[in-house]
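Peer 1: Here it is, the structure in full.
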Amino acid sequence: MKKSIFLILVMLTSFASLLFSTEGAAANKSLAPFPYAITHIDMSQSDAIAYPIASGKFNIDLNKVPFVWSGPVNIITLASTSPDYMWAANSGGAQYVDISKGGYKEVARIDAPGEKVLKKADLQKMFAANFKDVESAKKALDEYGISFPRMTNGIYSFVDSKNQLYYNTGVTKSVIIFALKDPKKTASGIKIVNSMSFKDKLAQDELIAGVSITYDGKLIILGNKSLFIINADLKGDVISTIKFPANENITNSLCVDEKNGIYVASDKTMYKVVWTGTKLSQEASDGAWSSPYDSGDTTPTVKVGTGTGSTPTLMGFGKDKDHLVVITDGANKMKLVAFWRDDIPKDAKAVAGAKSNRIAGQIAVTCGLNPLPDFIQSEQSVVVDGYGAFVVNNIAKKGEKDKILDVMTLGPINEPGTGVERFEWDPIKKEFHSVWARADIVSISMVPTVSTVSNIVLVNGYTKDEGWFVKGMDWATGKTLTEVMFGQNNLGNGAYAILQLFPNGDLLFNSIAGTTRIKLK
136 MKKSIFLILV MLTSFASLLF STEGAAANKS LAPFPYAITH IDMSQSDAIA YPIASGKFNI
196 DLNKVPFVWS GPVNIITLAS TSPDYMWAAN SGGAQYVDIS KGGYKEVARI DAPGEKVLKK
256 ADLQKMFAAN FKDVESAKKA LDEYGISFPR MTNGIYSFVD SKNQLYYNTG VTKSVIIFAL
316 KDPKKTASGI KIVNSMSFKD KLAQDELIAG VSITYDGKLI ILGNKSLFII NADLKGDVIS
376 TIKFPANENI TNSLCVDEKN GIYVASDKTM YKVVWTGTKL SQEASDGAWS SPYDSGDTTP
436 TVKVGTGTGS TPTLMGFGKD KDHLVVITDG ANKMKLVAFW RDDIPKDAKA VAGAKSNRIA
496 GQIAVTCGLN PLPDFIQSEQ SVVVDGYGAF VVNNIAKKGE KDKILDVMTL GPINEPGTGV
556 ERFEWDPIKK EFHSVWARAD IVSISMVPTV STVSNIVLVN GYTKDEGWFV KGMDWATGKT
616 LTEVMFGQNN LGNGAYAILQ LFPNGDLLFN SIAGTTRIKL K
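Under the numbering used here, the first residue of the sequence shown carries the number 136, and numbering increases by one thereafter.
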């Protein structure tokens, strides 16, 4: 009886999602063709991709797959204007990769200015053996000069319709445009088209958090406390600037709607800033708004800062009943929070415990953990498909203060956190409800992805018994359907990157030390 009721609820949830939410983010003509032209897959930052993933268990030796060595930290492999190639953006620079005929081969690369160049041999040596303890991992970082500013290089980047990669650097605080030296000869190499330093525009302790582009083709540059608009060719002066409050800090990127609403979350406040075509506006008359949300204490692992660990994600488009923007908040035991993107509906009900009427709904995340740990928190954006949302708990009991050391030691050395949960927004009741939770699933630090074709959501994790893996769960029920097992190989650590798929169902894995294509048969 209980099983029958559960199946009926699952069917109703799936039906409601189809009934009320059928559209996605509008394509931005300034970008290379969808998908993957921008970090988090599309302009809404959905982490949802209409490519398949196979069910079953697959044992993969990462030493025997095509591998483009780079990093450490390889955030995303980005679309180019050609279906035969992709750009790989990472902390060490960028590579141009031939993906034609089911292959995966580097054809050109360029190093990030201001950084120590790490060659293939360096990365192989660093990750050749499994780290035995924190000291051995720290020694590897110190030997090669790996620091947190380097880790932010290229972390939120995009490729434009001219096949130019827009890339930010941590050490030089610059935005750089990369392009092929000769578009007709990919092996000719990569050049710097133009660059601009923002050192004199940012606070001393401020870095560039990410870059994006408006729907009318203007470059958006987000700092930890600032927002800039400039011409996309990086020529001329900054057109418009906003400085956020000095006591607030932004640690994630932004999303943009089709009317050039720009959504930014500091550690205390969610902002909608509007690009009017001539200026950045925070005026209500232009559709802008701000809303406080709950923050918490400094968390011990993976997460940066006390506010949200999420890049804001849009939910609901076009004729969909509700248009929302969602994050996980900064409370020690986080909540999934949705804000009204546009005008607040006249029939909207006040949400209990919410800090403003701009908050459309919020729900506690438990991940099925019992008893609840001191922290349930995430450094990943919310995965959104229709009105469905998926979140992970990254927080372990013990971690390292240095975040890159932290992400290298979680799993094999320091025991990771556990737990994931899937939610659904009900546009009739105007509230979230939990669909399922898995307290046993480990997601170390990698951004999850959902295959909207296979209805499988993917995470990257580690256990002592299984080693490193990518696991896929049924979007409707949470049942494990896919297991890609890497064993104890350090290359199985995705380290803050995003999980990706190819159109034919191959896994595109952004490892801590490079990127690879994995065939699942």
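Don't be surprised by glycine CBs; every beta carbon is placed ideally from N, CA and C. All figures in this text were calculated on a predicted structure; none of them were measured in a lab.
State the CB to CB distance for the pair T276 and I548, rounded to an integer number of angstroms; the pair is presumed to be in contact (CB under 8 Å).
Peer 2: Working through the sequence shown from its first residue, we reach residue 276 at position 141. Working through the sequence shown from its first residue, we reach residue 548 at position 413. For the sequence presented, residue 276 should be read as Leu rather than Thr. So it is not a contact: roughly 13 Å between Cβ atoms.
Peer 1: Using the beta-carbon count (16 or more within 10 Å), is S235 buried or exposed?
Peer 2: The residue given as residue 235 occupies position 100 in the sequence shown. Counting every other CB atom within 10 Å of its CB across the protein chains shown gives S235 a total below 16, marking it as exposed.
Peer 1: Measuring alpha carbon to alpha carbon, tell me which residue in L357, L504, F510 is nearest T287.
Peer 2: Counted from its first residue, the sequence shown places residue 287 at position 152. Nearest C-alpha to T287: L357.
Peer 1: Mark F283 as exposed unless 16 or more other C-beta atoms lie within 10 angstroms of its C-beta, in which case mark it buried.
Peer 2: Here residue 283 refers to the residue found at position 148 of the sequence shown. Flag for F283 reads exposed.
Peer 1: Consult DSSP for S332 and reduce its assignment to one of helix, strand or coil.
Peer 2: Taking the first residue of the sequence shown as 1, we reach residue 332 at position 197. Correct three-state label for S332: strand.
Peer 1: Distance, Cα to Cα, F266 vs A272?
Peer 2: Position 131 of the sequence shown holds residue 266. Position 137 of the sequence shown holds residue 272. Approximately 6 Å between the Cα atoms of the pair.
Peer 1: Buried or exposed for E568, please, with buried defined as at least 16 other CB atoms from any protein chain shown within 10 angstroms of its CB.
Peer 2: As a first step, residue 568 is located in the sequence shown; it is residue number 433 there, counting from the start. Residue identity differs from the one stated: residue 568 is His in this sequence, not Glu. The residue in question, H568, is exposed, as its Cβ has fewer than 16 Cβ neighbours within 10 Å.
Peer 1: Starting from G186, trace the beta strand (DSSP E) in both directions and tell me its first and last residue.
Peer 2: For this step, residue 186 is matched to residue 51 along the sequence shown. Note that residue 186 is Tyr in the sequence shown here, rather than Gly. No beta strand (DSSP E) contains Y186, which DSSP labels as neither H nor E.
Peer 1: Using only the alpha-carbon positions, how far apart do V555 and L643 sit?
Peer 2: Your numbering for residue 555 matches position 420 in the sequence shown. Your numbering for residue 643 matches position 508 in the sequence shown. Distance between the alpha carbons of V555 and L643 is about 22 Å.
Peer 1: Spatial neighbours of T598 within its chain, please: C-beta separation below 7 Å, excluding the five flanking residues on both sides.
Peer 2: By one-based count along the sequence shown, residue 598 stands at place 463. Here the set comprises V577.
Peer 1: How would you call K370, buried or exposed, if buried means at least 16 neighbouring beta carbons within 10 angstroms?
Peer 2: Taking the first residue of the sequence shown as 1, we reach residue 370 at position 235. Burial call: exposed.
Peer 1: Can you tell me which residues form a DSSP beta bridge with D295?
Peer 2: On the sequence shown, residue 295 is found 160 positions in, with the first residue counted as 1. Under DSSP, D295 takes part in a beta bridge, and its partners are L166.
Peer 1: Using a Cβ-Cβ cutoff of less than 7 Å, which residues in the same chain neighbour D268 once the five nearest sequence positions on both sides are dropped?
Peer 2: Position 133 of the sequence shown holds residue 268. Same-chain partners within the cutoff: I548.
Peer 1: According to the neighbour-count rule (16 or more other Cβ atoms, all chains shown, within 10 Å of its Cβ), is N194 buried or exposed?
Peer 2: By 1-based counting over the sequence shown, the position of residue 194 is 59. It is exposed - the Cβ of N194 has fewer than 16 other Cβ atoms within 10 Å.
Peer 1: Quick check on the DSSP output: the alpha helix (DSSP H) that includes D257 runs from which residue to which?
Peer 2: Here residue 257 corresponds to residue number 122 of the sequence shown, with the count starting at 1. Run containing D257: 255-262, per the alpha helix (DSSP H) assignment.
Peer 1: Give the DSSP-derived three-state secondary structure of S425 in the structure shown.
Peer 2: Numbered from its first residue, the sequence shown carries residue 425 at position 290. Strand, per DSSP.
Peer 1: So within the segment 315-389, which uninterrupted beta strand (DSSP E) runs reach at least 3 residues, ignoring any that extend past its ends?
Peer 2: Whole beta strand (DSSP E) segments, 3+ residues: 325-332, 343-348, 353-358, 361-366, 375-378.
Peer 1: In chain order, what are the residue ranges of uninterrupted beta strand (DSSP E) at least 3 long that sit wholly in the segment 496-526?
Peer 2: 518-520
Peer 1: Strictly by DSSP, which residues pair up with L449?
Peer 2: Within the sequence shown, the letter at position 314 stands for residue 449. Answer by DSSP bridge pairing, in chain order: V460.
Peer 1: Kindly identify the DSSP beta-bridge partner or partners of N645.
Peer 2: As a first step, residue 645 is located in the sequence shown; it is residue number 510 there, counting from the start. Per DSSP, T650.
Peer 1: Determine the contact status of I633 and M608, defining contact as a CB-CB distance below 8 Å.
Peer 2: Within the sequence shown, numbered from 1, the residue matching residue 633 stands at position 498. Within the sequence shown, numbered from 1, the residue matching residue 608 stands at position 473. No, these two residues do not count as a Cβ contact at 8 Å.
Peer 1: I'd like the list of long-range same chain contacts for K353, defined as Cβ closer than 6 Å, with 5 residues on each side in sequence excluded.
Peer 2: By one-based count along the sequence shown, residue 353 stands at place 218. Cβ within range, chain order: I364.
Peer 1: For T617, count the other beta carbons within 10 Å of its own beta carbon; 16 or more makes it buried, fewer makes it exposed. Which is it?
Peer 2: Reading the sequence shown from its first residue, position 482 is the one you call residue 617. It counts as buried.
Peer 1: Which first and last residues belong to the alpha helix (DSSP H) in which S271 is found?
Peer 2: Translated into the one-based positions of the sequence shown, residue 271 becomes position 136. First-last of the alpha helix (DSSP H) with S271: 269-279.
Peer 1: Which class does S235 belong to by DSSP, given the choice of helix, strand or coil?
Peer 2: As a working note, residue 235 is residue 100 in the sequence shown. In this structure, S235 counts as helix in the three-state DSSP scheme.
Peer 1: Which of the three DSSP states, helix, strand or coil, is assigned to I563?
Peer 2: Translated into the one-based positions of the sequence shown, residue 563 becomes position 428. The answer is coil: DSSP assigns I563 none of H, G, I, E or B.
Peer 1: Tell me, to the nearest whole angstrom, how far the beta carbon of Y428 is from that of K490; I am working on the premise that it is less than 8 Å.
Peer 2: The sequence position of residue 428 within the sequence shown is 293, counting from 1. The sequence position of residue 490 within the sequence shown is 355, counting from 1. With 8 Å as the limit, Y428 and K490 qualify as a contact, their Cβ atoms being about 6 Å apart.
Peer 1: Whose C-beta lies closer than 8 Å to the C-beta of F150 among residues of the same chain, with five residues either side of it excluded?
Peer 2: Translated into positions along the sequence shown, residue 150 becomes position 15. Caution applies to F150, whose pLDDT of 41 falls short of 50 and renders its modelled position unreliable; the model cannot decide the point.
Peer 1: Jot down the residue ranges of each uninterrupted beta strand (DSSP E) in the segment 390-443, minimum 3 residues, whole runs only, in chain order.
Peer 2: You should have 396-400, 404-410, 424-427.
Peer 1: Grab me the residues of G345's own chain with a C-beta within less than 6 Å of its C-beta, minus the 5 sequence neighbours each way, in chain order.
Peer 2: Against the sequence shown, residue 345 aligns to sequence position 210. Cβ neighbours of G345 beyond the five flanking positions: Y291, L357, S388.
Peer 1: Beta-carbon within less than 7 Å of G440's beta-carbon, same chain only, minus the 5 sequence neighbours each way: which residues are those?
Peer 2: In the sequence shown, residue 440 corresponds to position 305, counting from 1. Excluding sequence neighbours, G440 sits near N384, T386, D402.
Peer 1: Taking Cβ positions, are I188 and S513 nearer each other than 8 Å?
Peer 2: Mapped onto the sequence shown, residue 188 falls at position 53. Mapped onto the sequence shown, residue 513 falls at position 378. The answer is no: Cβ separation not under 8 Å.
Peer 1: Could you compute how far the alpha carbon of I176 sits from the alpha carbon of K484?
Peer 2: For the purposes of this step, residue 176 is taken as the residue at position 41 of the sequence shown. For the purposes of this step, residue 484 is taken as the residue at position 349 of the sequence shown. Taking the straight line joining both Cα atoms gives about 33 Å.
Peer 1: Pull up the distance between the alpha-carbon of F333 and that of A574, whole angstroms please.
Peer 2: Counting from one through the sequence shown, the residue named residue 333 turns up at place 198. Counting from one through the sequence shown, the residue named residue 574 turns up at place 439. Rounded to the nearest angstrom, the two C-alpha atoms are 43 Å apart.
Peer 1: Quick one, which of E559, W560, K532 has its alpha-carbon nearest I579's?
Peer 2: The residue you call residue 579 lines up with position 444 of the sequence shown. Of the listed residues, the one whose Cα sits closest to I579 is K532.
Peer 1: Verify the contact flag: F637, CB atom, against every heavy atom of the ligand ZN, threshold strictly below 7 Å.
Peer 2: Ligands displayed in this structure: none; no statement on the ligand ZN is therefore possible.
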